[in-house]
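Numbers given in the working numbering equal positions in the sequence shown, counted from 1, plus 606.
Backbone N, C-alpha and C fix where the C-beta goes; we use that ideal spot for every residue, glycine too.
All of these numbers come straight from a predicted model, not from anything done at the bench.
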Amino acid sequence: MLAIPLGTLPTRRFVSTRLALIPAAGRGQRLDQINQPKPLVPVGGVPLIVRTLRQLEASGIERAVVVVGYRADEVVRKLAAYPGLKIQVEFVRAEWERGLAASLLAARKSVQEPFVLAMADHVFDDAVIGTVCAAKARGVSMLVDTKPGPDVDLDTAVRVHVDNGVVDGIGQGLEGYNGVDAGLFHATPELFDALDEALRTRDGHVDLSHGLRLLAAKNQVHAIEVSGFWLDVDTPSDLVRAEMWQRAKRRAQQVTHASVATGSSAEPAAVFHTGKSTPTEVLIGRGWVRRPDELHFIPDECASSPIWVITDETVNSIYGAEFVGRLRKIGYDIHLVVTPDGEESKSLQNYNRVVERVLGEGIDERSVIVSLGGGVVCNLAGFIASTLYRGVHLIHFPTTLMAQCDAAISHKQGLNGSRGKNLVGAYYAPTRIVVDVEALSTLEDWRIPDGLSEVVKHALGQDASYFDYLMGYSGKHDDLDFLETVVRKNVELKCEIMAVDPQEKRQGMVLQYGHTMGHPIEFLSSYELSHGQAVGIGMHVAAHVSNLLGGCSDEVVRQHREVIQKYGLPIHIPPHIKVDQILDAARFNKRYLVEGTRMALLSGIGELWQVADEFVIPVPDEVLREALSRSFA
């Protein structure tokens, strides 16, 4: 791209133009899944057109003529009742099906002086609006982006060629262009004459660019180079980008910058790096929980140190005595801690109780913490191992499908707080994970679908062929061969993700799929819903969110519903839980920033929705509220 010299176009610090024209008549079909007229689609909680009106008002515009067409009554009602708008707003109705040129000409009688022409579906930095409002030139001064970024679709953008500040070529598909139309103009009534001529002399669809081309032939179109952010909100991905921009802007405005009295910056005296990559071995087989003495899983350097086995009451009653006894028989110094069943064991109180006992009875820096149980036991033991003596060896023997598919195959260790799940935790890698599929044969019936929720999650989020396998499987869900197949596949998929994104900031967000809403729903059910059941509901909510934002099709929502229900999981939120309660509880999710909720969403089966190189999508409250409402029976 070539830089555009501004030529003789004057720069003004004052605004002489007091009138704006905003075309808001079109349907905006590619955003129609939001189920409201495009000008009323919110960004940062504010409708697009209201954002523009506020900026115009702040730049000195006193009167705005808004051309309405598609669902005109809704737009008029919304703007007429919108609080805080001081700018005078007048409405003109147009036959929106005839295109933008006809919509603009419908306002001709109401616009008989220089005016700012602002598209109702664009967002701009405040300074950009002010610059265009201050322009003074006969004809049209148009905002031009000379260095369009990846957000601009060059195939559909209106391209321009500028020579010494004057536009001498304009149109989609223009060859030899050096900028693109950014959707903001200062114009005089000559623009209407050009549009009228274009309508009279052309057959078929007539757009704004046709009128601009006629003015450009008379050297009456000038360029104003973009000096800030702008975006044409035309697709669901554009809407997400706009929300990202607004949230980043809001965050920047909330930061207080401290100034150093000397005006100098301090240089570090030294820099050091800590830590090294810790490999974790995952063993998958059968029979190891009942015969741990046949598997060499304790590191040799730890053989003489105290070994602590942490389990729960149910697992202890099935495996505890034999597991501990066999290890003691071959010479290990084994200590056993039995905690209550259920989520209450993942509390700070229980953590303190167990830690005090371990410290009291003896541990050293080469000791090993062994978890024997489900996800709760894995998390509790993991957090204890990460904190005692700043970290001792951790080995998992997961005994539930949920733990074998998810909780144990992780370096995330966490405890629950009084306001939600996993609010206290650490990243700490196990030394070894021993997966004994045979242990699944002793599970209570409800624990199979509970664990299969994580299987469904990985299939939906990572692997379309895995999804097809699950949909095509017709055997029993508790068949050990089937369970070993899905455990191995889940371990494979999860290890792939952890290798490239261990802290789940990018592609690893797929591991959070269904959890953003699942966690608060589980918490608000007082844990009457299992984790897997809550995640099943959460995935169904997430599918609705993506669909409402235009990220995925109705078919993808249907596929979610079918696979979740096929594997015995619910899709509906319990009726006693209220939407406002869920939204309040969700604010304690670490992915929630001060600007609002962010979620992992899918654009298709096996496809994590990615926008502007981000894998976490900002979700407006009104969209989230609607998605939750759709998830009640």
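An exposed status is given to Tyr995, since fewer than 16 other beta-carbon atoms sit within 10 Å of its beta-carbon. For Ile667, there is no enclosing alpha helix (DSSP H), as DSSP marks it with neither H nor E. Gly817 and Asp840 have their C-alpha atoms roughly 22 Å apart. Considering only Pro645, Thr623, Leu625, Ser622, the residue with the shortest C-alpha distance to Ala631 is Pro645. Look at Leu711 here: in three-state DSSP terms it is helix. An exposed status is given to Glu696, since fewer than 16 other beta-carbon atoms sit within 10 Å of its beta-carbon. For Tyr1034 and Asp813, the gap between their C-alpha atoms comes out near 59 Å. One thing to note: Leu965 has its Cβ no nearer than 9 Å to the Cβ of Phe989.
Out of Leu1214, Val1185, Asp1074, Gln1165, the CA that lies nearest to the CA of Gln1118 is found in Leu1214.
As for any beta strand (DSSP E) of minimum length 3 sitting wholly inside the stretch 675-760, the runs are 694-699, 721-724, 728-730, 746-751, ordered along the chain. Unbroken alpha helix (DSSP H) stretches of 4 residues or longer found wholly inside the stretch 1099-1142: 1121-1130, given in chain order. When the alpha-carbon of Glu1161 is set against those of Gly1142, Ser1136, Ser1209, the nearest one is in Ser1209. In the DSSP assignment, the residues bridged to Lys1018 are Tyr1033. Straight across, the Cα-Cα distance linking Glu1050 with Asn1153 is about 36 Å.
A Cβ-Cβ separation of about 10 Å leaves Ile1127 out of contact with His1178 under the 8 Å criterion. In this structure Pro874 is exposed. Its beta-carbon is surrounded by fewer than 16 other beta-carbon atoms within 10 angstroms. Around the beta carbon of Trp1052, a 10 Å sphere encloses fewer than 16 other beta carbons of the protein chains shown; the residue is thus reported as exposed. Between Ala724 and Ile628, the gap from beta carbon to beta carbon is short of 9 Å. The stretch 936-947 and the stretch 903-920 touch, with three or more beta-carbon pairs separated by less than 8 Å. Its chain contains Ala631, Ala700, Trp702 as the residues whose beta carbon lies nearer than 6 Å to that of Gly675, once the 5 sequence neighbours on both sides are disregarded; these appear in chain order. Residue burial annotation: Gly779 is exposed, with fewer than 16 other C-beta atoms found within 10 angstroms of its C-beta. In this structure, DSSP gives Val974 an extended state, which the three-state scheme calls strand.
As a beta-bridge residue in DSSP terms, Phe791 pairs with Leu723, Met748. Beta-bridge annotation (DSSP): Gly979 is paired with Pro1004.
Of all alpha-carbon atoms in Glu781, Ala708, Val652, the one lying nearest the alpha-carbon of Ala804 is that of Ala708. For Ala800, the enclosing alpha helix (DSSP H) starts and ends at 796-807. Going by beta carbons, Val982 and Asp918 fall inside the 9 Å limit. Relative to the Cα of His1017, the nearest Cα in the group Ser1235, Val943, Pro1108, Pro643 belongs to Pro1108. Here Ile1054 is not near Ile1039, since their CB atoms are 9 Å or more apart. Closest in alpha carbon position to Asp1186, among Gly1156, Arg1231, Phe1194, His1064, is Arg1231. In the structure shown, the three-state DSSP call for Gly891 is strand. Of all C-beta pairs linking the stretch 766-778 to the stretch 788-807, fewer than three are shorter than 8 Å, placing the two stretches out of contact.
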